[in-house]
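Just so you know, the protein sequences line up as chains A and B, in that order.
For the first sequence, my numbering assigns the number 6 to the initial residue and increments by one for each residue that follows.
For the second sequence, my numbering assigns the number 6 to the initial residue and increments by one for each residue that follows.
Ideal Cβ placement from N, Cα and C applies to all residues, glycine included.
Only a predicted model underlies this, so the values are computations on that prediction, with no experimental measurement involved.
For reference, the structure is listed below as structure tokens.
2 protein chains.
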Amino acid sequence: MIKGGKPGRLTLESAKSVLREVGMRCTAARIAVIQSLDAARAPMTPGGVVDSLCEYGFDKSTIYRSLTELNEAGLVVRLDLGDAVRRFELLPPENDGASEHPHFMCVDCGKVVCMSGFDVELKGRSRKARAPGIMSEVLVRGHCHDCAT
Amino acid sequence: MIKGGKPGRLTLESAKSVLREVGMRCTAARIAVIQSLDAARAPMTPGGVVDSLCEYGFDKSTIYRSLTELNEAGLVVRLDLGDAVRRFELLPPENDGASEHPHFMCVDCGKVVCMSGFDVELKGRSRKARAPGIMSEVLVRGHCHDCAT
DNA sequence: TCTTAATTGCAACTTAGTTGCAAACACAGA
DNA sequence: TCTGTGTTTGCAACTAAGTTGCAATTAAGA
Chain A
6 MIKGGKPGRL TLESAKSVLR EVGMRCTAAR IAVIQSLDAA RAPMTPGGVV
56 DSLCEYGFDK STIYRSLTEL NEAGLVVRLD LGDAVRRFEL LPPENDGASE
106 HPHFMCVDCG KVVCMSGFDV ELKGRSRKAR APGIMSEVLV RGHCHDCAT
Chain B
6 MIKGGKPGRL TLESAKSVLR EVGMRCTAAR IAVIQSLDAA RAPMTPGGVV
56 DSLCEYGFDK STIYRSLTEL NEAGLVVRLD LGDAVRRFEL LPPENDGASE
106 HPHFMCVDCG KVVCMSGFDV ELKGRSRKAR APGIMSEVLV RGHCHDCAT
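This is how it looks when you write it as structure tokens:
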């Protein structure tokens with residue numbers, strides 16, 4: 006499990022141990038991807054990760070592959086935040102599955118915020134309204150405070 | 006305003022009058038796009054519209070342009086349903102702006118359902134939790150009843 | 001019917017992401 | 001610490017989705 010709490014606090018050693026725990030080799034590319042995701046406050050697009058790591062000499066195909074592998078290993082969730090771009094987010098320590106909190110995305114500036122600390126409740130307006138399935142992920146779109154003013 | 010209710014019931018004449026109302030020329034391509042969206046029960050991806058109309062000889066660039074123009078004219082909404090693909094939905098008669106209801110998308114089969122009749126409530130777990138902005142659109146993802154069983 | 005601006009089809013282009021493969025590397029075992 | 005082996009990487013070429021410029025065509029008002 007990933008030690009420590011706040012984003013941007015993941016050390017080289019803890020990144021390595023995270024990889025070893027899931028049986029993946031510790032390579033520079035994977036560690037860079039993990040640290041890049043960790044340093045970001047919000048979920049990152051694959052393109053964003055590529056941009057941030059290409060300048061250090063990593064190849065885009067390596068980064069795409071790393072993201073996919075980390076996702077398959079359960080270290081990273083792939084979010085679909087509704088702007089026609091996938092995003093990746095490093096899973097927090099205690100989390101063992103999908104990202105549990107809702108996400109908010111500003112339709113003006115594109116900023117994505119994790120709404121940890123919020124629960125979502127869906128209320129049918131009539132008695133007979135029935136949810137179409139089992140809810141697993143919620144995305145709220147709208148105008149963030151900065152853009153709304 | 007678009008007359009008549011159920012999907013798949015939009016006649017050639019009503020498609021034409023819808024276009025004239027917003028000051029657009031009535032062309033075969035636009036009518037085909039409107040009828041294609043109308044015939045679908047769920048929002049369509051641009052690729053889906055292209056596939057369904059290419060076989061009738063329409064060019065993909067024409068279809069993309071038509072979708073964009075119809076969206077700008079307010080006849081069609083562009084939805085971002087979180088599967089990294091944009092979708093287009095013909096606006097119902099009474100609707101004059103954005104799609105107001107939440108949408109549900111099944112992560113297994115990709116089915117999209119309009120959750121008309123549902124309200125969404127966001128509850129902060131603590132007193133000081135503050136929503137990051139003004140909510141305008143909600144997407145719920147999960148497993149639909151068919152796939153969950 | 002004629003005129004003209006709007007629209008279309010084509011082809012070339014852009015961008016995001018994927019794939020095959022040889023070279024480089026991590027790491028378990030000696 | 002060194003070595004062998006299977007994993008991972010970088011490269012380059014490729015695919016798919018969507019966009020753009022432009023000449024030819026067409027809708028619709030005069």
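Assigned secondary structure, residue i (DSSP; H/G/I helix, E/B strand, else coil)
i: residue 25/A; result: helix
i: residue 62/A; result: coil
i: residue 141/B; result: strand
i: residue 122/B; result: coil
i: residue 70/A; result: helix
i: residue 146/B; result: strand
i: residue 35/A; result: helix
i: residue 157/B; result: As displayed, chain B neither begins before 6 nor continues past 154, which places residue 157/B out of reach and without an answer.
i: residue 52/A; result: helix
i: residue 84/B; result: strand
Unbroken alpha helix (DSSP H) run spanning residue i, endpoints
i: residue 151/B; result: 150-153
Own chain partners of residue i with C-beta closer than 8 Å, once the 5 adjacent residues on each side are dropped
i: residue 76/B; result: 82, 83 and 93
i: residue 123/A; result: 106 and 107
i: residue 129/B; result: 135 and 136
Closest residue to residue i among the options (Cα-Cα distance)
i: residue 117/B; options: 45/B, 71/B and 73/B; result: 45/B
i: residue 151/B; options: 17/A, 150/A and 136/A; result: 136/A
i: residue 153/B; options: 138/A, 154/A and 142/A; result: 138/A
i: residue 38/A; options: 30/A, 27/A, 55/A and 122/A; result: 55/A
i: residue 58/A; options: 40/A, 79/A and 48/A; result: 40/A
i: residue 33/B; options: 43/B, 27/B, 26/B and 62/B; result: 62/B
i: residue 36/A; options: 50/A, 74/A and 47/A; result: 74/A
Host beta strand (DSSP E) of residue i (start-end)
i: residue 92/A; result: 91-95
i: residue 110/A; result: 108-111
Own chain partners of residue i with C-beta closer than 6 Å, once the 5 adjacent residues on each side are dropped
i: residue 9/A; result: Below a pLDDT of 50, predicted positions are generally treated as unreliable, and residue 9/A, at 40, falls in that range; the measurement from the model is reported next regardless. Excluding residues within five positions, none has a Cβ falling inside 6 Å.
i: residue 121/A; result: 106
i: residue 31/B; result: 21 and 24
i: residue 2/B; result: Limits of chain B in this structure are 6 at one end and 154 at the other, which puts residue 2/B out of reach.
Same chain, Cβ closer than 7 Å to residue i, five either side skipped, listed in chain order
i: residue 126/B; result: none
i: residue 156/A; result: Because chain A spans 6 through 154 in this model, residue 156/A falls outside it and cannot be assessed.
Any residues in the segment 114-135 of chain A with a beta carbon nearer than 7 Å to a beta carbon of chain B? Which ones, in chain order? 118, 120, 122, 123, 124, 125, 126, 127, 128, 129, 130, 131 and 134
Name, going along the chain, the residues of the segment 140-151 of chain B whose beta-carbon falls closer than 7 Å to a beta-carbon of chain A. 140, 141, 142, 143, 144, 145, 146, 147, 148, 149 and 150
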